[in-house]
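Engineer:
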Amino acid sequence: MHELSLAESVTNTIKSLCAQSGWAKVRRVVIKVGHMRQVDPELLAFAFGIAGKGTVMENADLSIMELPIILKCKACGKTSDCESMVFICPNCGNANVDVLSGMELAIESMEVEAV
Ligand SMILES: [Zn+2]
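Counting from 280, one number per residue, gives the positions in the sequence shown under the numbering used here.
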């Protein structure tokens with residue numbers, strides 16, 4: 280399950296942020312994940328439970344925002360949401376598209392307790 284390695288890398292980022300800033304505990308964290316990451320939000324939440332055990336992240340309230348894949352067609356210039364993993368412009372059928380969004384894996388916001 281690749282969710283665990285994603286959760287571990289995000290948890291490590293949060294841990295070092297907390298260490299640098301002197302935060303004792305993370306109360307709430309919002310993670311945004313692009314649809315191209317093919318992450319199962321339930322599995323990811325479960326993975327955070329494992330990765331965060333014994334850390335500042337333990338018992339943090341976790342929200343996962345899923346972001347759609349957004350394509351920009353190089354032929355007609357139209358941007359569109361992409362539901363599947365097929366990267367074709369729904370407007371003109373061209374496969375020559377840029378992926379504008381969908382690869383995100385980032386901390387959107389967090390609420391912490393200072394020492
Ligand atoms: Zn197009």
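Note that the Cβ used here is the ideal one computed from N, Cα and C, for glycine as well.
Closer than 8 Å is the cut-off here; do at least three beta carbon pairs connect the stretch 280 to 292 with the stretch 321 to 330?
Structural biologist: The stretch 280 to 292, when compared against the stretch 321 to 330, does touch it at the 8 Å Cβ threshold.
Engineer: Quick check on DSSP: helix, strand or coil for methionine 389?
Structural biologist: Strand at methionine 389.
Engineer: Under 8 Å, with one C-beta from each stretch per pair, do the stretch 334 to 341 and the stretch 356 to 367 reach the 3-pair mark?
Structural biologist: Result no; under three Cβ-Cβ pairs closer than 8 Å.
Engineer: Between lysine 351 and ligand 1, is there a pair consisting of the residue's CB and a ligand heavy atom that are separated by less than 6 Å?
Structural biologist: Checking every heavy atom of ligand 1 against the Cβ of lysine 351, none is found closer than 6 Å.
Engineer: Closer than 7 Å by C-beta to proline 320: which residues in its own chain qualify, once you throw out the five before and the five after it? Chain order, please.
Structural biologist: Taken in chain order, the residues that qualify are Ile343, Glu345.
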